[in-house]
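For the sequence shown, the working numbering begins at 60 and goes up steadily by one.
Where a beta carbon is used, it is the ideal one built from N, C-alpha and C, also for glycine.
Treat the numbers as computed from the prediction; the structure is a model and nothing was measured.
In what follows, a single structure is set out as structure tokens and then discussed.
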Amino acid sequence: LLEANQRAIISFSRDTGEPEIATLTKGEIQRVLAWQHGLMTFNSKPLSEIAYELNQFNETQMVLLDDELASTLFSGTFRSDNMEGFVRLLEVAFEAKAEWNGEFEIQLSKKVD
């Protein structure tokens, strides 16, 4: 049985069959549920993790080609369905270079001076 503020995580890669029970803080619960309102909030998260989460909700996929860019920390709130707006923010604020690869993939790298 789960109690208030807990979640169960079931791994298909482990053979134990036992779910992992985690107790979440109020802030973690708000962040996890924010997608239901179309908003995603991050506090000092690497862009690689943000790209992974955004890619879960969008047909267009963001691919980070640069390790430095992927490890850049980001804090902020934005709409989960506004991939192009987020990419534009990365171009302006983090000097990223965005290129379309086909119809549903945006590749990002660090601008070279």
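Taking a contact to mean a Cβ-Cβ separation below 8 angstroms, would you say residue i touches residue j in this structure?
i      : j      : result
Leu148 : Leu167 : no
Leu132 : Phe153 : no
Met142 : Thr119 : yes
Pro78  : Ile88  : no
Val146 : Ala157 : yes
Using a Cβ-Cβ distance cut-off of 8 angstroms, determine whether residue i contacts chain D.
i      : result
Met142 : Included in the structure is just one protein chain, with no chain D present.
Roughly how many angstroms lie between the CA atoms of residue i and residue j, to the nearest whole one?
i      : j      : result
Met121 : Glu62  : 36 angstroms
Asp125 : Lys169 : 6 angstroms
Phe101 : Lys85  : 14 angstroms
Gly97  : Glu108 : 18 angstroms
Leu83  : Arg66  : 8 angstroms
Would you mind sorting residue i into buried or exposed? The rule is 16 or more other CB atoms within 10 Å of its CB.
i      : result
Ala155 : buried
Ile80  : exposed
Arg90  : buried
Leu123 : buried
Leu113 : buried
Leu92  : exposed
Leu60  : exposed
State the beta-bridge partners of residue i as determined by DSSP.
i      : result
Ser168 : Lys156
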